[in-house]
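Visitor:
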Amino acid sequence: MRILPHLFICLVVSLFVVLFVPVVHAEDCIPPSSSDNPSALGDKIAKCQEAWNQMEKAIKPHADALRKMESDIAAFQGRIKVIGGEVAKKEMAIASGEKELAGFLGLAGRRIRQFYIRNTINTPVTAFFSSMNVGSLLRDMAYQKSVTNEDKRSITHTALSVKDLENKKKTLESERAMLAYIKEETDKRAVSVRKLVGEASAYQSKLTGIIASLTAKQREILSEKSGTFQTTVGDVPLADDPASRPDYDPGFSPAFAAFSFGAPHFRGMSQYGAFGRAKQNQGYEQILKAYYGNGIEIKDHNPDAQIQVQGYGTYSLEEYAKRIYEMPGSWGDEGGMEALKAQAIAARSYALARGGSICATEACQVFKPSPKGGNWERAVNDTRGKVIYTNGSPFSAWYASTSGGYQESYSSNGYSTPGFWDTASGRGGWTSQAYEKIAGSPWFYKGWYRSRSGDSCGRSHPWLNSEEMADILNAWSVLFRGGGDSGRVTPQGPCWGGNPYNMSELKSIGGYSSVSGVSVTYSDSGVTANVTVQTDKGSITINGSDFYKAFNLRAPGRISLKSGLFNIEKK
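Basically the working numbering = 1-based index in the sequence shown + 1433.
Written as C-alpha cells, this is what we have:
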C-alpha cells in the first residue's frame, strides 16, 4: 500500500502550487460615473486596464496547475474509493480468517494434548511388550509416527496462521489510519482551494463588470465622434464650414482628410432628399413611397386624436403637428412645398406610432409651444389628418437630415422599408444625381472636426499630415492585429485625457512611418468596402468598417467620421 503516501504527496504539491497564487487587487479600478469628464474617464480606463493586465499575468501561469489539481483531486478521490473497497475486502477476509483460526486453535489444542499423551504413554518399550508379534509392533510404531507428524504440521500451520493474521491486522489498522488522515486532509484542502477559486472568480467577475462599464463609456466617446445622435434639419438650414470642404487648403502637403457622406443616421426619409425630390416636381405621396416603400398606405386619421407631450400637456393631432419644428419653412418658397407636406405626414405618423407620451426634443421630434406658422402650417393644413399606415396601424416614420445618398432599411409594424441609392438613376447616379446634392445639403459630403457644441479641440480643419495618417494605421494595427494595449488607442491631447499611446510608441508597434496615397472602394450596400493605403512599408488594404473604428478612436481632437460611407481626400 505504498501508493497511498505517494498519491498524497502529489496532491499536496498540486494544492501548494494553487494556494500560493499572487493576489491582484483592484482598489484603483473604479466604475464610471455620470459626472466623469473625458480626462477622468481616461484615467479610470488606464487604471482598470492595468488591473486587468496584472490579473491576467497572475492567473495565466496557474491556470494549467489549477486544472491539473482538480484532475488530481478527482483521480485521488477515485483511488480512495478503490482502496476503501480493498480495505473492506480485507476486513471480511480477516474476519473469516479469525473464525477459521478459532477452529484451528481448538483442533490444535486437542492435538497438542494427544501428542503429549502419546509421547508419554506410547514409548517404544510399552509398544514392544504390548505387541503380540513383530509385525503388529512395526505397524503400531508407524501409525504413531504418522499421527505425531500430522500433529506437528497442524500445530505449526496454526502458529503461522496466527502470526500472519496478526500481521494483516496491523497492516489493516495502519491503512485505515492513513486513509482517514488523507480523507481529512483532502477535504480540508479542497475546501480551501474551492474558497480561493470562488474568491478569484468573484473578483474576476467584478473586474470584468467594471471594464464592461468602462467599455460602454468608451462606446460613448466613439458615439460622440461617429455622430450617432438624433438630429434633423430643424428650423434653420445648417451653415457650411469652408474648412470642411474638399477644396480647403490646409497649407501643407501631402494632406489627408476623411469625408463622410451624410449624418447622423440613414434610415427612413432623408429631409434634404425630400427637398431635392420636391425640386424635381415629385408630390408628397411619391416622396413618402420612395423612402418608406410602396407597401405603405396614406390614410386619414382622426385629427382630434390626443398626443401627450412631455412637459407641455395634451394636444390634438393637428395642433401638435403645427408645433413641430423639423424642417425650414423657407423651403416652401424654394420649390420644397411637397417636402414640407411629406414631413407633416411623417411627423403625425411617428407620434401616433410611438404611443403614450412623446418627448419634445430631437430625441423624438422637436416641439415648441407656439405654432410655427407660415409654409409649415400651410403644409399641415393641406394634409390634415393624413398618416402613414402599415399592417393596419400608424407606421413609425423615421427621418433625418442627410443620408449621404444611400438609405438603409429598417422595420416597424412587421414592415420593412427599402434599402436603396437615393438618386435619380440608382447606384449609377451616385453622387452626381443624388437628391441631397440637388437640394444642396451641407452634410452630403463633409470633413468633420468639431463637436455638436462647436468645440474643435484646437484644430482649425480636418486635414492630417503624412505622419498623422500613418498614426491612424498604427492604431488600426494595435486594434486588429494585436501586439499592444487596445485600451490606449485613444486621441492624444487635452480633450480626452487618459493614457493614450504617443505617436512614437504606436509606430514602434505598427511600424508605419508615412503615408503617400489613399484610395477607397464602395459596396452596393451603401458603405465603404475597403481603404487602400500607400505607405513606407508598401500598400495595405483595410476593411472599411475597421478603418472607420480605428480612425474615430485615434484621430486627433474632434476629427471624425459620421458615416460608414466615406472617402479619403488627398492634397
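We treat Cβ as the ideally placed atom computed from N, Cα and C, and that holds for glycine.
1) Would you mind working out which of G1788, F1877 and D1733 sits nearest H1698, comparing C-alpha positions?
2) Just the C-alpha distance for E1810 and P1804, rounded to the nearest angstrom, thanks.
3) Quick one: Cα of F1999 to Cα of I1821, how far?
4) Since Y1882 contacts A1830 with CB under 8 Å, what's their CB separation in whole angstroms?
5) Along the chain, where does the alpha helix (DSSP H) that runs through I1757 open and close?
6) Would DSSP call K1879 helix, strand or coil?
7) Less than 8 Å between the C-beta atoms of F1853 and Q1840, yes or no?
8) Please return the same chain residues whose Cβ sits closer than 7 Å to the Cβ of F1694, not counting the five positions on each side in sequence.
9) Going by the beta-carbon positions, is the gap between Q1704 and S1834 smaller than 8 Å?
10) How should S1874 be labelled, buried or exposed, when 16 other C-beta atoms within 10 angstroms of its C-beta is the threshold for buried?
11) Going by C-alpha to C-alpha distance, which of E1900, V1948 and E1795 sits closest to M1760?
12) Helix, strand or coil for K1732, going by three-state DSSP, please let me know.
13) In its own chain, which residues sit with a C-beta less than 6 Å from the C-beta of A1857, not counting the 5 before and 5 after it?
14) Do the CB positions of Y1717 and G1701 come within less than 8 Å of each other?
15) Quick check on K1970: does DSSP put it in helix, strand or coil?
16) Hey, is the stretch 1902-1918 in contact with the stretch 1928-1943, meaning 3+ C-beta pairs nearer than 8 Å?
17) Could you tell me whether the stretch 1897-1908 touches the stretch 1941-1952, using the rule of 3 or more Cβ pairs below 8 Å?
18) A1772 and A1707 - do their beta-carbons sit closer together than 8 Å?
19) Can you give me the C-alpha to C-alpha distance between K1722 and K1732, rounded to a whole angstrom?
20) Note the first and the last residue of the continuous alpha helix (DSSP H) segment covering Y1725.
21) Could you tell me if M1525 is buried or exposed, where buried requires 16 or more neighbouring beta carbons within 10 angstroms of its beta carbon?
22) By how many angstroms is the C-alpha of R1756 removed from the C-alpha of S1888?
23) Mind reading off the beta-carbon distance from P1924 to P1989? Whole number of angstroms is fine, and I expect it under 8 Å.
Guide: With the structure as the only source:
1) Sequence index remark: in the sequence shown, residue 1698 carries index 265 (1-based). When each option's Cα is compared against that of H1698, the closest is F1877.
2) Walking along the sequence shown from the start, residue 1810 turns up at place 377. Walking along the sequence shown from the start, residue 1804 turns up at place 371. Rounded to the nearest angstrom, the two C-alpha atoms are 8 Å apart.
3) Locating residue 1999 in the sequence shown gives position 566, counting from the first residue. Locating residue 1821 in the sequence shown gives position 388, counting from the first residue. Roughly 32 Å between the two C-alpha positions.
4) As a position in the sequence shown, residue 1882 is number 449, starting the count at 1. As a position in the sequence shown, residue 1830 is number 397, starting the count at 1. Not confirmed; about 32 Å, so no contact.
5) Position 324 of the sequence shown, counted from the start, is the residue given in the question as residue 1757. Counting along the chain, I1757 falls outside any alpha helix (DSSP H), and DSSP gives it neither H nor E.
6) As a position in the sequence shown, residue 1879 is number 446, starting the count at 1. It is a strand residue.
7) As a working mapping, residue 1853 is identified with position 420 in the sequence shown. As a working mapping, residue 1840 is identified with position 407 in the sequence shown. Yes. Within cutoff.
8) The residue labelled residue 1694 in the question sits at position 261 within the sequence shown. Contacts found: G1837, G1838, F1877, Y1878, S1996, L1998 and F1999.
9) Counting from 1 along the sequence shown, the entry for residue 1704 is found at position 271. Counting from 1 along the sequence shown, the entry for residue 1834 is found at position 401. Yes, these two residues count as a Cβ contact at 8 Å.
10) Numbered from its first residue, the sequence shown carries residue 1874 at position 441. Buried, because 16 or more other Cβ atoms sit within 10 Å of the Cβ of S1874.
11) Taking the first residue of the sequence shown as position 1, residue 1760 is located at position 327. Of the candidates E1900, V1948 and E1795, the one whose C-alpha sits nearest the C-alpha of M1760 is E1795.
12) Taking the first residue of the sequence shown as 1, we reach residue 1732 at position 299. Looking at K1732 - three-state DSSP - the assignment turns out to be strand.
13) For the purposes of this step, residue 1857 is taken as residue 424 along the sequence shown, with counting starting at 1. Answer for A1857: Q1866, listed in chain order.
14) By 1-based counting over the sequence shown, the position of residue 1717 is 284. By 1-based counting over the sequence shown, the position of residue 1701 is 268. Against a cut-off of 8 Å, the Cβ pair of G1701 and Y1717 comes out as no contact.
15) Sequence index remark: in the sequence shown, residue 1970 carries index 537 (1-based). The answer is coil: DSSP assigns K1970 none of H, G, I, E or B.
16) yes
17) yes
18) Residue numbering aside, residue 1707 sits at position 274 when the sequence shown is read from its first letter. Residue numbering aside, residue 1772 sits at position 339 when the sequence shown is read from its first letter. Going by C-beta atoms, A1707 is nearer than 8 Å to A1772.
19) Along the sequence shown, read from residue 1 onward, the residue named residue 1722 stands at position 289. Along the sequence shown, read from residue 1 onward, the residue named residue 1732 stands at position 299. If I take the Cα positions, the gap works out to 13 Å.
20) For the purposes of this step, residue 1725 is taken as residue 292 along the sequence shown, with counting starting at 1. From DSSP, the alpha helix (DSSP H) with Y1725 extends over Y1717 to Y1725.
21) As a working note, residue 1525 is residue 92 in the sequence shown. Flag for M1525 reads exposed.
22) As a first step, residue 1888 is located in the sequence shown; it is residue number 455 there, counting from the start. As a first step, residue 1756 is located in the sequence shown; it is residue number 323 there, counting from the start. Reading the sequence as shown, one finds Asp at residue 1888 and not Ser. If you take the alpha carbons of D1888 and R1756, they lie about 31 Å apart.
23) In the sequence shown, counting from the first residue as 1, residue 1924 sits at position 491. In the sequence shown, counting from the first residue as 1, residue 1989 sits at position 556. Confirmed, about 6 Å.
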